[in-house]
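These notes are about the structure you will find just below.
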DNA sequence: GAAGTCACG
DNA sequence: ACGTACGTGACTTCA
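Numbering (the working numbering), first residue to last: 883 to 1631.
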């Protein structure tokens, strides 16, 4: 039996724990049955809905998060030679106290006893003896050792290997980078370090230039691989598996369970590494240079598609990727518990992978005609503006060139008060142009308007049309799980997280994001989530109370700071509340409020005085990040800040501000990610399987909901989002969610 | 490819 | 003394 499962089964059947960890009412016998049936705890939880016995089912559903957390603990404990004194965990960087508290809370009685520092306590049964793992030196990476699988017999042999080892690293090769349309051309597998193969499926072409080499027919090979890839007892490991998951899902294979070495690396080293790409990680952790895609496929005009790569070369590249993925995974999986990031990995990011994959595959419908209409409208206005701008300038020039514009404004027209940036060029950004505009310079406001319209046209109305997928008629963004150091997602090609909303004219672009006939768009967003989290994390009594009472937080701040609530004081208060979240400085605040640094300092002092707790939060956060080099969220997500010790003061202070913000922004990201993970099963449970989750915009989730299910879906969505932190984290402030619906995204706000 | 600008939370 | 609020991605111009 592979160590993965052995650990699980030992832990669950043997005497080291008393039940399915964290799930009351499930004893060893039931646990063993469930494990046998599903393979591992994660899969049991994933299939909890199917379980017939209602009490058992409900218990698993209710305590899934505890079980997930415990699962990693079990993994940790099974990796150590038992019995091991609890205090010795300190040596591995695991603080024993929180662990002891957790074990007690979860009822790990016998495990606790064995870890209690008394190494005389014997394991009660033979089955719970330490897992002796065979120590085999890892072979060097040898590209020539990989096998090209072109016969069913060979494929079956590899599948048997995967079953034997209980895990398999998987990498798919395609003829493009867009996973929603790219064609699968081959799959590589690695079952042990150094033991990898490539299964070509669609190599060669149907034209005369490329002969089709011998390979198993794709449908046949996939039919053989499907049971393995869907086998709940076999762990599939990938690097950025979201891509492969979508490619395989399109071929009718729903891969599970999945580990992702990209996500693991991100959970371990966010902020500490610029890149979590396989090539860079191989260089860093394995001291190995991978074959690059360019080396295999070429670049530019001469670039070929992967299905045109000769099989021997393709095998070297593809099998190496699977081999490297597996090697990275073996390192990361032991680091996760030791560096205390298993909780965020198991509870938040790992289960998110298939959820985000589904969302990307779903896409969102965009009304092309509406965008065309807007593009035309904008173009007419842009042309008119260009004429007036050239009139004001007295000559024709490239308005989009900041160099030329600065030259015209500050040299040719001789306007005063310009400032120059690092490169010695005139600044012409929005602040500068707004200042000129206030001073009555007509060209400034014209350029601002021109910039807004050209931005909307080039980035949104024009570009978005290009992004509509030919096959699906929808726009499929790609979410990066490692994009933002704080733990947020980021969105690319296209970026759906920066669609305009702040101005009336920009907002119209959201009207082009429409629901299918019979559906409506539903947008649900957390209200002031970061301020609420700040109130909780900094333990500010007044803020917590205000959120509990549903008070307007900016008004409250205005009252406390300025003694009066009106438009101006509220606006200032709002600015200051944000400043707090972003790591305040007197100069920054002064610039934003239009006051002197001294006045800004007075306001800051007053804020700290009126909202005690904030100052401590900042001091504690900075103290911890200076000591450890990282910050943590309420879910244990780490962000590293190497610059916190920088010699350069500006760089260091930048890191300090980011470190103050990271736990708040990161916890918010954790919470919405957990809501996303739980949303699918919660909707299913209520018979709302037709509801589609389409987009995530940091504090907002967008759905496409059948018209007749809006009420029911709203209730479920609200409940899931508002309770997303529980039970792992209990907040002292309520989370508020605003929900809107309409025929399009614009109308759903 | 860097710099500047600006769209979002 | 730092013309800095935090976190992103896309587009344009220009070297």
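Where a beta carbon is used, it is the ideal one built from N, C-alpha and C, also for glycine.
(message) One question on the structure: do residue 1059 and residue 1143 come within less than 8 Å of each other, judged by their Cβ atoms?
(response) Within the first chain, numbered from 1, the residue matching residue 1059 stands at position 177. Within the first chain, numbered from 1, the residue matching residue 1143 stands at position 261. Contact: no.
(message) Considering only the alpha carbon of each residue, which of 1585, 1373, 1103, 1493 lies closest to residue 1413?
(response) Locating residue 1413 in the first chain gives position 531, counting from the first residue. It is 1493.
(message) Taking only three categories from DSSP, how would you classify residue 1522?
(response) Here residue 1522 is taken as the residue at index 640 of the first chain, counted from 1. In this structure, residue 1522 counts as strand in the three-state DSSP scheme.
(request) Alpha carbon to alpha carbon, how far is residue 1357 from residue 1369? Give it in angstroms, no decimals. (result) Mapped onto the first chain, residue 1369 falls at position 487. Mapped onto the first chain, residue 1357 falls at position 475. Cα-Cα distance, rounded: 24 Å.
(request) Just the C-alpha distance for residue 868 and residue 941, rounded to the nearest angstrom, thanks. (result) A query on residue 868 cannot be resolved here, the shown segment of the chain reaching from 883 to 1631 and no further.
(request) Report the three-state DSSP secondary structure of residue 1586 (helix, strand or coil). (result) Numbered from its first residue, the first chain carries residue 1586 at position 704. Here residue 1586 sits in strand by DSSP.
(message) Considering Cα atoms alone, identify which of 1560, 1066, 1505, 1276 is closest to residue 1602.
(response) Counting from 1 along the first chain, the entry for residue 1602 is found at position 720. Per the Cα distances, 1560.
(request) Find the nearest neighbour of residue 1167 within the set 1157, 1176, 1174, judged by alpha-carbon distance. (result) Position 285 of the first chain, counted from the first residue, corresponds to residue 1167. Taking only the C-alpha atoms, the option nearest residue 1167 is 1157.
(message) Which residues does DSSP list as the beta-bridge partners of residue 1119?
(response) Within the first chain, numbered from 1, the residue matching residue 1119 stands at position 237. BP columns for residue 1119 point to 1051, 1141.
(message) To the nearest angstrom, how far is the alpha carbon of residue 1389 from that of residue 1417?
(response) What you label residue 1389 is simply residue 507 of the first chain in a count that begins at 1. What you label residue 1417 is simply residue 535 of the first chain in a count that begins at 1. So the two alpha carbons sit approximately 31 Å from each other.
(message) Quick check: the Cα distance between residue 1483 and residue 1297, rounded to an integer number of angstroms?
(response) As a working mapping, residue 1483 is identified with position 601 in the first chain. As a working mapping, residue 1297 is identified with position 415 in the first chain. Spanning the two alpha carbons is a distance of roughly 32 Å.
(message) Can you look up residue 1644 in the DSSP assignment and give me helix, strand or coil?
(response) Because the chain here runs from 883 to 1631, residue 1644 falls outside it and cannot be looked at.
(request) Could you say if the segment 1071-1086 and the segment 1135-1153 meet the contact criterion of at least three C-beta pairs nearer than 8 Å? (result) no
(request) Answer with buried or exposed for residue 1469, where buried requires no fewer than 16 other C-beta atoms within 10 angstroms of its C-beta. (result) As a first step, residue 1469 must be located in the first chain, where it is residue number 587. Exposed is the call here.
(request) For the beta strand (DSSP E) containing residue 1401, list its first residue and its last residue. (result) Locating residue 1401 in the first chain gives position 519, counting from the first residue. Where residue 1401 is concerned, the enclosing beta strand (DSSP E) starts and stops at 1401-1409.
(request) Determine the direct distance from the alpha carbon of residue 1044 to that of residue 1177, and round the result to whole angstroms. (result) Against the first chain, residue 1177 aligns to sequence position 295. Against the first chain, residue 1044 aligns to sequence position 162. Near 29 Å, if we compare the C-alpha coordinates of residue 1044 and residue 1177.
(request) Please state whether DSSP places residue 1419 in a helix, a strand or coil. (result) Your numbering for residue 1419 matches position 537 in the first chain. Three-state DSSP puts residue 1419 in a helix.
(request) Would you list the residues sitting across from residue 1077 in a DSSP beta bridge? (result) Stepping through the first chain from its first residue, residue 1077 is reached at position 195. The partner list for residue 1077 (beta bridge, DSSP) reads 1074.
(request) Just the C-alpha distance for residue 1583 and residue 1575, rounded to the nearest angstrom, thanks. (result) The residue you call residue 1583 lines up with position 701 of the first chain. The residue you call residue 1575 lines up with position 693 of the first chain. Straight-line Cα distance between these residues: approximately 7 Å.
(message) Excluding the 5 residues flanking residue 1452 on each side, which residues of the same chain have their C-beta closer than 7 Å to its C-beta?
(response) As a working mapping, residue 1452 is identified with position 570 in the first chain. So the list reads 1436, 1437, 1440, once near-sequence residues are dropped.
(request) Whole angstroms is fine: what's the gap from residue 1627's alpha carbon to residue 1149's? (result) Your numbering for residue 1627 matches position 745 in the first chain. Your numbering for residue 1149 matches position 267 in the first chain. In a straight line, the C-alpha of residue 1627 is about 32 Å away from that of residue 1149.
(request) For residue 1401, collect the residues of the same chain with a Cβ closer than 7 Å to its Cβ; drop the 5 residues on either side in sequence, then sort them by chain order. (result) Here residue 1401 is taken as the residue at index 519 of the first chain, counted from 1. If we look at residue 1401 and ignore the five residues flanking it on each side, its Cβ neighbours are 1586, 1587, 1588, 1589.
(request) Mind the definition here: the segment 1215-1226 touches the segment 1537-1545 only if three or more C-beta pairs lie below 8 Å; say whether that holds. (result) no
(message) Can you tell me whether residue 1352 is buried or exposed? The criterion is at least 16 other CB atoms within 10 Å of its CB, across all chains shown.
(response) Against the first chain, residue 1352 aligns to sequence position 470. Per the 10 Å Cβ criterion, exposed.
(request) Go ahead and label residue 957 buried or exposed: buried means 16 or more other beta carbons lie within 10 angstroms of its beta carbon, across all protein chains shown. (result) Taking the first chain and counting its residues from 1, the one referred to as residue 957 is at position 75. Because the pLDDT of residue 957 is 49, which lies under 50, any placement of that residue in the model is unreliable, and the number read from its coordinates should be weighed accordingly. So residue 957 counts as buried.
(request) Over the uninterrupted alpha helix (DSSP H) stretch that includes residue 1195, give me the two end residues. (result) Here residue 1195 refers to the residue found at position 313 of the first chain. Where residue 1195 is concerned, the enclosing alpha helix (DSSP H) stretches over 1193-1220.
(message) Can you confirm whether the segment 1016-1036 touches the segment 1096-1107 when touching is taken to mean that 3 or more C-beta pairs between the two stretches lie within less than 8 Å?
(response) When C-beta atoms of the segment 1096-1107 are compared with those of the segment 1016-1036, three or more pairs fall below 8 Å, so the two segments count as touching.
(request) Go to residue 1577, then tell me how far its beta strand (DSSP E) extends in each direction, as first and last residue. (result) Looking up residue 1577 in the first chain gives position 695. It spans 1574-1578 - the beta strand (DSSP E) in which residue 1577 sits, taken as one unbroken run.
(message) Would you call the segment 1552-1566 in contact with the segment 1230-1239, where contact means no fewer than 3 C-beta pairs closer than 8 Å?
(response) Yes, the segment 1552-1566 touches the segment 1230-1239.
(request) Would you kindly report the start and end of the unbroken alpha helix (DSSP H) that includes residue 1592? (result) Sequence index remark: in the first chain, residue 1592 carries index 710 (1-based). In the DSSP assignment, residue 1592 falls within the unbroken alpha helix (DSSP H) covering 1592-1604.
(message) Here's the rule: buried if 16 or more other CB atoms are within 10 angstroms of the residue's CB, otherwise exposed. What is residue 1223?
(response) Taking the first chain and counting its residues from 1, the one referred to as residue 1223 is at position 341. With 16 or more Cβ atoms within 10 Å of its Cβ, residue 1223 is classed as buried.
(message) So the candidates are 1049, 1549, 1535; which of them puts its Cα closest to the Cα of residue 1516?
(response) To locate residue 1516, count along the first chain from 1; it is residue 634. With distances taken between CA atoms, residue 1516 lies nearest to 1549 out of 1049, 1549, 1535.
(message) In this structure, how does DSSP classify residue 1175 when only helix, strand and coil are distinguished?
(response) Taking the first chain and counting its residues from 1, the one referred to as residue 1175 is at position 293. The answer is helix: DSSP assigns residue 1175 an H, G or I state.
(request) Name the one or two DSSP bridge partners that residue 1152 has. (result) Here residue 1152 corresponds to residue number 270 of the first chain, with the count starting at 1. BP columns for residue 1152 point to 1155.
(request) Name the two residues that bound the continuous beta strand (DSSP E) containing residue 1512. (result) For the purposes of this step, residue 1512 is identified with residue 630 of the first chain, where counting begins at 1. First-last of the beta strand (DSSP E) with residue 1512: 1512-1514.
(request) Would you mind sorting residue 1450 into buried or exposed? The rule is 16 or more other CB atoms within 10 Å of its CB. (result) Position 568 of the first chain, counting from 1, holds the residue named residue 1450. So residue 1450 ends up on the exposed side.
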